[in-house]
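Residue numbers (full-length UniProt numbering): 1 to 168. Here the structure comes first, spelled out in structure tokens, and everything after it is commentary.
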Amino acid sequence: VDDDIAQIISKEFDPQVKVLLLADACCSAGVLDCDTKNIWSGRHFVCAMSGCQNTQSSTDTDNGGAMTNALLTCLSHKKIQKMRKAKKVSIQYIFNRMVEHMPDSEEEDGDDDEEDSYSEDEDEESESEDDDDDGLDPMTGEKREEGQNINLSWPSACMDPSKVHFPF
1 VDDDIAQIIS KEFDPQVKVL LLADACCSAG VLDCDTKNIW SGRHFVCAMS GCQNTQSSTD
61 TDNGGAMTNA LLTCLSHKKI QKMRKAKKVS IQYIFNRMVE HMPDSEEEDG DDDEEDSYSE
121 DEDEESESED DDDDGLDPMT GEKREEGQNI NLSWPSACMD PSKVHFPF
């Protein structure tokens, strides 16, 4: 899907358009194919914030994805609101604050323990079947990495996100 997204945006949008894609989804670090040559040539600014690395799963909460919640929490701070109004906050700055608001892996592990306690009531056969598929990428069959590390990526020929105002 990331190949399609990159091709559609690069072909359909005027090269002068600034592209900031937010993808709070599993295996989303390569969503814009920023490392693929010639897709983004001639563009001034292309950047992607993604919910996790290509080998990870994004965490869902009752109120959406963890990356989305981190962004909304960051944007709700008065200091950030003042900086945005004055156009003195960069995409990199917002991303760095989002990292600070991501749930800790210990919290995620705690949630997993809670879920495991419910499965103890199930019979052993169904538990072993669930464990076989747990954490496997449905496309590749490979085991996904633990945790969730959000990602900021951009093509090397484009502007550094630390020099671009956060546009929202």
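All residues carry an ideal CB built from backbone N, CA and C; glycine is no exception.
Exercise for the section: For Asp160, name the three-state secondary structure that DSSP assigns. Expected result: coil
Practice task
Measuring alpha carbon to alpha carbon, tell me which of Ala6, Met159, Ala23 and Lys85 ends up nearest Ala70.
Solution key: Ala23
Practice task
Run through the UniProt domain "Peptidase C14 caspase" (17-103) for me and flag every whole alpha helix (DSSP H) of 4 or more residues, listed as ranges in chain order.
Solution key: 66-76, 78-85 and 91-101
Handout entry: Residue of Ser76, Lys88 and Gln81 minimising C-alpha distance to His101
Key = Ser76
Problem - Bridge partners - Asn149, DSSP secondary structure assignment - result: Answer is none; Asn149 lacks a bridge partner.
Practice task
Measure the alpha-carbon distance for Gly30 versus Lys79 and round it to whole angstroms.
Solution key: 31 Å
Practice task
Kindly indicate which residue of Lys37, Ser50 and Val17 has the alpha-carbon position closest to the one of residue 196.
Solution key: The structure shown does not extend to residue 196, since the chain is modelled only from 1 through 168, so no value can be given for it.
Handout entry: C-alpha gap between Arg97 and Val164, whole angstroms
Key = 16 Å
Practice task
Identify which residue in Thr55, Ser28, Cys52 and Ile9 has its Cα closest to the Cα of Arg43.
Solution key: Ile9
Practice task
Keeping to the same chain, check which residues put their C-beta closer than 7 Å to that of Arg84; ignore five residues upstream and five downstream.
Solution key: Phe166
Exercise for the section: Report the rounded CA-to-CA distance for Thr73 versus Lys18, giving the unit in angstroms. Expected result: 24 Å
Exercise for the section: State buried or exposed for Lys82, treating a residue as buried only when at least 16 other CB atoms are found within 10 Å of its CB. Expected result: exposed
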